[in-house]
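Read through the structure below, which is laid out as structure tokens, and then see the notes.
Protein chains: 2
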Amino acid sequence: MGAEGHADGTVGKALDVLDMVASHGRPVRFSDLLTQSAYPKATLYRLLQTLTHQGMLTLDPDTGTYALGVRLVRLAHAAWAQSSLAPIARPYLDELARETGETIHLAQMDLGQVLYVDKRNAARPVEMFAQAGKVGPAYCTGVGKAMLAYLPPDALEAALARQSFHRHTPHTLASREALLAELQAIRKRGHAWDAEEHEAGIICCAVPILSRQGRVMGALSVTSTTARTTLDALGAQAPMIKDIAAKIAAEAESWRFPEQV
Amino acid sequence: MGAEGHADGTVGKALDVLDMVASHGRPVRFSDLLTQSAYPKATLYRLLQTLTHQGMLTLDPDTGTYALGVRLVRLAHAAWAQSSLAPIARPYLDELARETGETIHLAQMDLGQVLYVDKRNAARPVEMFAQAGKVGPAYCTGVGKAMLAYLPPDALEAALARQSFHRHTPHTLASREALLAELQAIRKRGHAWDAEEHEAGIICCAVPILSRQGRVMGALSVTSTTARTTLDALGAQAPMIKDIAAKIAAEAESWRFPEQV
DNA sequence: CGTTTGGTTTCACTATTTGAAACTTAGTCT
DNA sequence: AGACTAAGTTTCAAATAGTGAAACCAAACG
Numbered sequence: 001m002g003a004e005g006h007a008d009g010t011v012g013k014a015l016d017v018l019d020m021v022a023s024h025g026r027p028v029r030f031s032d033l034l035t036q037s038a039y040p041k042a043t044l045y046r047l048l049q050t051l052t053h054q055g056m057l058t059l060d061p062d063t064g065t066y067a068l069g070v071r072l073v074r075l076a077h078a079a080w081a082q083s084s085l086a087p088i089a090r091p092y093l094d095e096l097a098r099e100t101g102e103t104i105h106l107a108q109m110d111l112g113q114v115l116y117v118d119k120r121n122a123a124r125p126v127e128m129f130a131q132a133g134k135v136g137p138a139y140c141t142g143v144g145k146a147m148l149a150y151l152p153p154d155a156l157e158a159a160l161a162r163q164s165f166h167r168h169t170p171h172t173l174a175s176r177e178a179l180l181a182e183l184q185a186i187r188k189r190g191h192a193w194d195a196e197e198h199e200a201g202i203i204c205c206a207v208p209i210l211s212r213q214g215r216v217m218g219a220l221s222v223t224s225t226t227a228r229t230t231l232d233a234l235g236a237q238a239p240m241i242k243d244i245a246a247k248i249a250a251e252a253e254s255w256r257f258p259e260q261v
Numbered sequence: 001m002g003a004e005g006h007a008d009g010t011v012g013k014a015l016d017v018l019d020m021v022a023s024h025g026r027p028v029r030f031s032d033l034l035t036q037s038a039y040p041k042a043t044l045y046r047l048l049q050t051l052t053h054q055g056m057l058t059l060d061p062d063t064g065t066y067a068l069g070v071r072l073v074r075l076a077h078a079a080w081a082q083s084s085l086a087p088i089a090r091p092y093l094d095e096l097a098r099e100t101g102e103t104i105h106l107a108q109m110d111l112g113q114v115l116y117v118d119k120r121n122a123a124r125p126v127e128m129f130a131q132a133g134k135v136g137p138a139y140c141t142g143v144g145k146a147m148l149a150y151l152p153p154d155a156l157e158a159a160l161a162r163q164s165f166h167r168h169t170p171h172t173l174a175s176r177e178a179l180l181a182e183l184q185a186i187r188k189r190g191h192a193w194d195a196e197e198h199e200a201g202i203i204c205c206a207v208p209i210l211s212r213q214g215r216v217m218g219a220l221s222v223t224s225t226t227a228r229t230t231l232d233a234l235g236a237q238a239p240m241i242k243d244i245a246a247k248i249a250a251e252a253e254s255w256r257f258p259e260q261v
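This is the structure we're talking about:
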């Protein structure tokens with residue numbers, strides 16, 4: 001993860017450091033960060049100090065370790081609440097979960113990766129915070145492919161450049177070419193499959209959420225297992241999922257243009 | 001909200017702008033931010049540009065409005081997962097919710113405000129993301145007072161300086177003096193009440209979560225209504241709540257010192 | 001079609017950031 | 001103990017990055 005692309009300015013560097021702290025699962029010491037950071041000692045030190053002072057990081061005085069601060073959680077709450085899709089989609093996800101009895105995912109695109117912004121789980125009622133905010137690969141998940149398929153060429157290129165193409169299962173489309181062919185098929189079909197491409201036994205049907213102008217706003221999927229159903233049976237529900245995606249898109253758009261004065 | 005205290009350096013200013021965007025509930029236009037920002041046009045413009053480029057904000061090309069970006073949601077997921085308290089406390093909150101059948105809150109301190117990091121709701125199973133990340137006042141909530149009571153003098157002073165002391169109900173302790181007296185009583189008693197101080201009819205019993213060295217890590221509360229129970233009845237559960245708080249603290253601490261190597 | 005409003009760019013000026021190196025602690029080893 | 005080492009903090013001149021008044025551009029307005 002080392003050298004983040006192009007860190008513009010001090011702010012970029014600071015955020016880079018934030019990511020670095022986030023990428024370790026646990027509180028990190030100064031020296032740990034130093035070894036992997038390319039920044040010279042003093043620079044890194046001051047960045048950490050600033051971020052800590054700003055509440056984005058916390059420094060445990062006992063252990064001398066840095067962890068992500070609470071200010072982030074507060075900001076993220078706002079981010080989630082105003083990312084238009086998530087709060088609007090909420091009741092629709094409930095409905096879809098009730099109708100299908102399966103697991104529902106709502107995702108958005110984040111730098112070539114899939115970011116899950118909400119979820120309904122068939123079995124356990126709902127999970128928390130911990131669930132939303134997770135990231136996953138784009139090239140081998142239903143929601144990922146559904147979004148990729150409708151991205152404009154330049155954005156698609158940028159996203160493709162960031163795919164790792166790891167062969168998770170025998171069904172994974174682990175090359176750029178195979179994926180591009182599949183994306184075309186998705187555009188034709190109108191929805192994406194996940195045919196055990198990410199995890200064995202897990203299948204899903206996903207549709208993109210598109211704005212009126214055709215911009216990709218996110219994706220919505222219904223997930224199940226091969227033990228419980230088949231791709232064809234899931235596909236039968238595609239029209240309904242598409243319908244709900246359209247409703248979410250419509251509502252999100254009208255919300256974006258509030259009656260301003 | 002205007003002039004944020006002391007924004008050190010460029011990073012401080014950038015984060016200040018982030019907060020500004022967050023504080024509006026909806027996407028904002030450049031000029032809206034400009035009017036309330038004190039920063040000159042060009043400066044604000046560049047800050048927004050940087051933040052957008054970094055994925056902390058998104059600029060809707062159609063409407064020309066800025067909203068919080070998805071990178072925040074991803075960061076916050078990590079923040080939540082590594083803020084040691086929340087993930088560790090999870091099973092204990094479940095237990096407490098089951099035992100008491102009441103609403104449970106887990107909170108931490110954030111710049112003089114209470115930040116709820118997790119929650120169990122008696123009636124509806126669990127709510128999402130939207131719930132965690134909320135902030136509330138410290139001087140008139142159970143968790144807030146429980147934490148204030150055990151803060152070291154300088155931190156307490158800093159927190160007090162940020163209280164607004166608004167009289168939400170007739171029972172609100174709306175002065176510094178009244179609050180200080182109550183904090184002393186809390187230290188003596190070992191747990192805090194909320195005797196309808198924030199909302200009429202809502203009462204709660206809260207205990208701090210303290211590290212071995214006595215540092216305030218957070219607070220835990222059981223909330224109910226006057227219609228359903230009384231403060232005394234809630235107080236009877238204080239020992240159990242305290243016990244759970246201690247368990248959470250112990251586990252969080254041992255997690256903080258992982259067997260390194 | 002001139003004017004206003006909202007957004008973007010310029011450019012000389014300056015303040016902030018930079019990072020090698022010196023300096024403190026706080027451990028560790030003999 | 002005293003000498004060594006590792007981890008964190010501070011300094012300071014040089015350089016870079018940020019600043020902001022003002023000019024500019026482009027739509028929308030009247």
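Protein sequence lines, in the order shown, are assigned to chains A and B.
Note that our numbering has the first sequence beginning at 1, numbered continuously upward.
Note that our numbering has the second sequence beginning at 1, numbered continuously upward.
Idealized CB from N, CA, C, for every residue including glycine.
Here the structure is a predicted model, which means the values were calculated and not measured.
Between the stretch 83-101 of chain A and the stretch 193-202 of chain A, the count of Cβ pairs shorter than 8 Å is below three; the stretches do not touch.
A straight line joining the alpha-carbon of B:L34 with that of B:M56 spans about 18 Å. Counted as a single uninterrupted DSSP element, the stretch harbouring A:R189 is not any beta strand (DSSP E) but the alpha helix (DSSP H) occupying residues R176 to R189. Within the stretch 60-71 of chain A, the residues whose Cβ lies closer than 8 Å to some Cβ of chain B are D60, D62, T63, T65, A67, L68, G69, V70 and R71, listed in chain order. For the options A:W80, A:Y92, A:L180 and A:L210, the alpha carbon positioned closest to that of B:G25 is the one of A:W80. Here B:Q184 is exposed. Its C-beta has fewer than 16 other C-beta atoms within 10 Å.
By the neighbour-count criterion, in which 16 or more other beta carbons inside 10 Å mark a residue as buried, B:D243 falls on the exposed side.
Under a criterion of Cβ atoms nearer than 8 Å, the residues of chain B adjacent to A:D8 are, in order, T50, H53 and Q54. Three or more beta-carbon pairs separated by less than 8 Å link the stretch 142-157 of chain B to the stretch 218-231 of chain B, which places the two stretches in contact.
Neighbours of A:G25 in chain B, taken as residues whose beta carbon is under 9 Å from its own, are A78, A81 and Q82 in chain order. When only Cα atoms are considered, A:A107 and B:R46 end up about 29 Å apart.
Taking a Cβ-Cβ threshold of 9 Å, the residues of chain B close to A:Q213 are D62, in chain order. Note on geometry: alpha-carbon atoms of B:D32 and B:G12 lie some 20 Å from one another. Residue ranges of uninterrupted beta strand (DSSP E) with 3 or more members, entirely inside the stretch 90-114 of chain B and ordered along the chain, are 103-110. Fewer than three beta-carbon pairs drawn from the stretch 57-73 of chain B and the stretch 189-199 of chain B are found closer than 8 Å, and the two stretches are therefore not classed as touching. With the criterion set as a beta carbon lying under 7 Å from some beta carbon of chain B, the members of the stretch 101-116 of chain A are Q108, D110, L111 and L115, in sequence order. Residues of chain A whose Cβ lies closer than 7 Å to the Cβ of B:R74 are, in chain order, D110, L115, G133 and V135. Cβ-Cβ distances below 6 Å link B:R120 to L93, A97 and I104 in the same chain, with the five nearest sequence neighbours on each side left out; the list follows chain order. Residue nearest to A:E99 within the set A:M20, A:A238 and A:Y39 is A:A238 (criterion: CA-CA distance).
Within the DSSP secondary-structure output, A:V17 pairs in no beta bridge. In its chain, beyond the 5 residues on either side, A107, G136, A138, T141, V143 and G144 have a beta carbon closer than 6 Å to the beta carbon of A:V114. Between the alpha carbons of B:A158 and B:L151 lies a gap of roughly 10 Å.
Around the beta carbon of B:A149, a 10 Å sphere encloses 16 or more other beta carbons of the protein chains shown; the residue is thus reported as buried.
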